[in-house]
Amino acid sequence: MAGVPPPPRSLFTMAADVAVLHRGRLLAAACLLVVVLLPWNAGIYHQLATGGFYAPGDASTQAEQLLDAEFPDAPPNVAVMLTSDEGIDGPTPLHLGRELTRQLAAEAGVTSVLSYWLNGSQAGNPLLRAKDGHSALIVFRLTGSEDHIQDRLGTLHERYSHVGPGVQVRFGGAPAVMRDVTERSRVDLERGEVTAAPLVFLVLLFAFGTVAAALLPVLVGVVSVVTSLALLQLAATLTDVSVFSVNLTTALGFGLAVDYSLFILRRFREEQDRGLFPGAALRRTLETAGRTVFFSGVTVALSLTAALIFPLYYLRSFAFAGIIVVVTSEIAALLVLPAALMALGDRLDRGNIRAALSRWRGAGGRQPAGARRAGGHRSCEVSVAGRGWTALARRVMRRPLLYGGAAIAVLLICAAPLQHLNLALADDTVLPAAAESHIVNDAMRDDFIVCLPCQIPIVVLGVDARDPANAAKLSDYATRLSALPGIARIDTATGSFMQGKRVGEVPKVLTGFVGIHGGAWLSVWQGDTSPVSEQAKGLVRELKATPAPFEVRMGGLAPHFLDTSRTILRSLPPAFAVVMTATFILLFLFTGSVLLPLKAMFLNTLNLAATIGLLVFVFQEGHLHGLVGDFQVSGTLEMTSPVLMFFIAFGLSMDYEIFLLARIREEYQRTGDNKESVAIGLGVTGPLITNVALALVMVMIALSTSHIGMIKLVGVGLTIAITLDVTVVRAILVPAFMALAGKYNWWAPAPLRRLHDRFGLREDSGEMAGVTGPGGGPRVAPGPPGLAEANGVTAPTGRGGRYGLLASGLPSPGSTGQTHLGTEPRGERQLPVGRTDRTNDAAGREDDDRRLPALPSYAAYVTNGGPAAGGQSDPGLRMTTKITYQRGRAEAAGWERPAPLQTPTWHYFLRNRWQADGAAPPVVTGTRGFVLDGIEVGGPAVLDADAHQ
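All residue numbers for the sequence shown refer to my numbering, where the first residue is 1 and numbers rise by one.
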């Protein structure tokens with residue numbers, strides 16, 4: 001048998017083996033990774049890009065790029081406002097204004113300087129003086145990429161800004177708004193994390209029971225977030241990544257860490273309570289809960305992948321961040337967390353907080369038999385909180401139409417404000433009213449004769465405006481545009497135009513508004529003081545509808561809004577198609593049902609419609625202002641935030657869906673009772689989902705407390721979505737729907753059933769495949785629950801009698817280490833413990849006891865006929881697995897039964913027959929993958945060197 005390779009094992013079993021065998025190395029590597037990456041991550045805000053709210057292919061974006069590249073006198077994008085309480089025409093403001101104008105004009109990268117004050121030989125512009133006489137402006141244009149503009153603006157702001165006594169100098173304009181948003185988002189993130197951290201830890205302490213267990217998600221979260229931020233910086237070297245993705249990375253990273261850690265740790269404790277030792281319990285945990293965590297993470301990642309379809313790199317950045325943080329969270333949960341569980345050992349359950357509280361209340365802190373050591377859940381029953389979920393599910397399923405109809409009515413009422421949804425671009429209104437750039441932009445809209453942010457530049461491509469024929473066509477075009485309602489004035493290379501006629505003199509030399517390599521541009525001043533009002537949008541539509549003699553591109557806020565809206569609406573159908581298709585395929589492969597994926601997508605979409613409706617009610621209409629914190633009510637919602645929130649919340653909802661369906665399906669396979677399976681599944685997973693949701697809500701506080709309106713909107717929206725999902729969807733709509741569907745929950749057409757039998761995803765690698773039961777669902781697995789079922793084996797009638805549940809030699813639940821045999825059936829004899837049904841002298845090719853180790857062993861035969869029994873299918877041959885239980889040589893005193901307090905030292909598994917062709921039997925993995933090679937007298941070599949003790 002030496003040299004025969006073991007059969008392939010699943011990645012989850014291999015992950016468990018690595019965690020058991022190399023726990024110290026894994027933890028050391030994780031700690032080293034965090035220590036190395038932390039200093040690098042400190043500069044992440046300088047590595048990531050700002051902006052990204054406009055699509056590169058939009059005409060308005062191309063117009064702005066042409067203005068930067070070709071026109072030295074392009075319209076200004078930065079404003080410096082000087083304010084004096086004594087009046088802007090006093091001696092100090094006059095001197096400061098002239099000096100500041102001269103210095104700014106000399107700065108590198110600054111063009112198109114206009115000022116209220118004299119600038120060399122250029123006279124001051126009286127339009128740049130406020131109506132009240134207390135403020136005046138210096139406006140200029142910064143050229144280059146968005147990141148370069150931010151770097152230059154930061155330098156200029158640090159050099160010239162002054163907010164204090166005397167004349168105040170503030171910066172405004174779109175680049176200044178982006179600078180304030182970036183800086184405040186960083187400050188808000190730090191403050192929010194400090195606020196949320198103690199709250200999250202209290203939730204973890206309640207959920208996990210002990211301090212050591214509560215710190216495990218923190219470990220997973222730190223490894224995940226630190227690694228994700230480093231990978232995000234690496235991605236920024238290949239493509240544009242928005243700085244705002246940092247907020248999502250930290251919030252989602254810690255949220256998923258709590259999510260995955262809670263489900264894995266709960267299953268680990270459950271398997272230990274069933275009698276498995278830590279190594280075997282970890283294998284079983286990763287093959288079940290670990291597999292579910294993996295598929296759940298895939299669902300979340302697929303939901304966020306849809307954001308890659310949008311050409312705005314602001315949205316694409318969240319897809320990059322989400323995918324990265326999901327992958328790192330899963331790796332940390334499937335490798336670092338198991339290694340920490342093995343390293344902690346029994347210390348994991350020391351210091352039970354709830355037991356201490358019970359003793360303090362006088363209850364004595366005793367847990368009932370079979371209770372979990374620190375988790376508060378019973379091994380074969382649901383917890384006290386779970387019994388409440390089970391009772392609620394049974395109550396709902398008794399009257400599913402009543403409860404389901406009421407729940408849907410609540411969601412529809414919440415979604416009603418959605419019909420009044422009014423979207424807008426991100427501008428200074430996302431900032432607090434006291435923000436510097438917000439003050440300047442507000443003043444430019446309201447306090448000056450002309451609205452500087454309302455200017456609409458129209459770029460004429462490739463036209464030589466100095467040519468008389470082209471100049472005549474340009475003048476005619478400007479004349480027709482100036483006659484449109486809502487146009488105050490148009491300036492271009494051939495002069496100025498108002499109300500359909502030229503005003504002022506014709507320039508003798510066409511120098512202004514002319515490009516370096518040809519082309520020209522027109523400055524369109526609108527009468528409306530709101531750059532993105534309905535009137536401004538209507539004006540842009542009229543401008544585009546006016547025939548132009550040349551090819552033109554329009555820039556400005558209103559054209560940007562219309563182009564971005566069109567781009568997002570055009571991208572939504574394929575993005576939704578990607579999410580829905582991927583979700584349907586994954587849930588079908590996981591459940592084998594056609595109806596359950598459709599149900600999940602419908603309920604999650606309804607939940608998110610209700611969420612966005614409530615956001616309209618709160619943020620757009622200004623209700624509950626005091627409850628969610630300070631924000632500016634502008635009558636609009638920033639257009640990218642609902643899109644982003646939809647994909648994140650949809651992924652998290654499907655995350656809960658998979659965890660819930662996995663447990664319901666497990667119960668349905670065991671019992672075949674649809675309603676009882678739903679009730680028990682909700683009872684087991686309900687408290688877990690509640691704790692996870694509560695921790696996620698605490699994490700979202702870090703976003704909800706932000707002073708940036710669009711970040712606050714996402715945080716509050718995710719909080720609402722999670723709350724509705726747990727309280728309305730999971731608690732009421734899921735059991736109501738599954739009760740109404742009955743056996744059709746697991747139905748699929750025959751071709752799809754065959755497809756699932758072949759390619760389906762299963763929670764347990766040892767689950768029976770290709771077998772269907774009622775309604776096309778999985779057949780009920782035979783055999784009662786217990787130790788043998790936990791180990792994936794059943795005890796059949798074999799040669800010489802029915803040998804009991806020796807299985808892997810593990811003690812049964814509640815035992816002290818003694819292995820119990822099954823009940824002897826009528827007409828058959830029971831093999832005494834420590835005896836085989838053949839002596840070494842009588843052993844033949846079918847039963848090679850001669851090759852057993854020369855130490856006392858306790859053996860039994862169990863079936864080896866299919867994956868559900870933990871063995872390998874072997875058509876045509878007697879399918880048995882010889883399981884030997886062996887104690888150490890020093891303990892061996894013959895073939896007597898082990899003492900009650902003794903526990904197994906090793907568990908040996910081998911195929912106990914010869915092949916039909918006379919070849920040596922291959923090495924076979926045991927119930928949980930233990931392998932021996934070279935089984936012969938003289939000492940076996942252990943391939944899987946895990947001391948399962």
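All C-beta atoms in this analysis are idealised placements derived from N, C-alpha and C, irrespective of residue type, glycine included.
So for residue i, helix, strand or coil by DSSP?
i    : result
A548 : coil
L421 : coil
W117 : coil
K501 : strand
L484 : coil
S571 : helix
R466 : coil
V225 : helix
G279 : helix
H134 : coil
P782 : Confidence is the limiting factor: at P782 the pLDDT is only 39, short of 50, which leaves the residue's position unreliable and the question unanswerable from this model.
M554 : strand
E287 : helix
V139 : strand
S437 : helix
S641 : helix
S261 : helix
G520 : The sequence shown places Ala at residue 520, rather than the Gly named in the question. In the structure shown, A520 sits in a strand (DSSP, three-state: E or B).
My assumption, with CB atoms under 8 Å, is that residue i sits in contact with residue j. Please give the rounded CB distance.
i    : j    : result
I701 : T249 : About 16 Å; that fails the 8 Å criterion.
H134 : S84  : 6 Å
P198 : V258 : About 14 Å separates the two Cβ atoms, so there is no contact after all.
T13  : R283 : 6 Å
W596 : L587 : Looking at the sequence shown, residue 596 is not Trp but Leu. Indeed they touch by this definition, with Cβ atoms about 6 Å apart.
M342 : P278 : 6 Å
G592 : H707 : The pair is not a contact, with the Cβ atoms about 48 Å apart (cut-off 8 Å).
According to the Cβ coordinates, are residue i and residue j closer than 9 Å?
i    : j    : result
A950 : R663 : In the structure displayed, the chain extends from 1 to 949; residue 950 sits before or after that span and is not available.
I458 : V524 : yes
L82  : A29  : no
T390 : G672 : no
I456 : V540 : yes
V241 : S317 : yes
L557 : V578 : no
V163 : V80  : no
R730 : I689 : yes
Y260 : A212 : no
V203 : L615 : no
Y477 : T564 : no
A236 : L38  : no
Excluding the 5 residues flanking residue i on each side, which residues of the same chain have their C-beta closer than 8 Å to its C-beta?
i    : result
A721 : N607, L608, T611, M645, A649, L652, S653
W40  : A230, Q233
E436 : S161, V163, R170, F171, G172, A176, D180
Y116 : I88, G97, G124, N125, P126, L128, R129, A136, L137, I138
V300 : L256, G322, V326, G651, L652, M654, D655
A108 : R152
Apart from the five residues on each side of it in sequence, which residues of its chain come closer than 6 Å, Cβ to Cβ, to residue i?
i    : result
F647 : S303, L304, A306, A307
N441 : G172, D428
S296 : D655, I658
Take residue i and list the residues in its own chain whose beta-carbon comes closer than 7 Å to its own, dropping the five residues that flank it on each side.
i    : result
P56  : P311
S570 : The question names Ser, but residue 570 in the sequence shown is Arg. Around R570: no qualifying Cβ.
D528 : C454, G486, Q535, A536
K675 : M397, A739
The ligand MG and residue i: does any heavy atom of the ligand fall closer than 8 Å to the residue's C-beta?
i    : result
I490 : Because no ligand of any kind appears in the structure shown, any question about the ligand MG cannot be addressed here.
Three or more beta-carbon pairs under 8 Å between the segment 245–264 and the segment 692–708, yes or no? yes
Do the segment 61–77 and the segment 104–113 make contact, defined as three or more Cβ pairs closer than 8 Å? yes
State whether the segment 441–449 contacts the segment 127–141, with contact taken as three or more CB pairs (one from each stretch) at a distance under 8 Å. yes
Determine, using beta-carbon pairs with one atom in the segment 612–624 and one in the segment 710–726, whether at least three such pairs fall under 8 Å. yes
Looking at C-beta atoms only, is the number of pairs between the segment 591–601 and the segment 400–407 that lie closer than 8 Å three or more? no
For the segment 414–434 against the segment 620–640, are there 3 or more C-beta pairs whose distance is under 8 Å? yes
Using 8 Å as the cut-off, can you tell me whether the segment 739–750 makes contact with the segment 622–634, which would need three or more C-beta pairs spanning the two stretches below that distance? no
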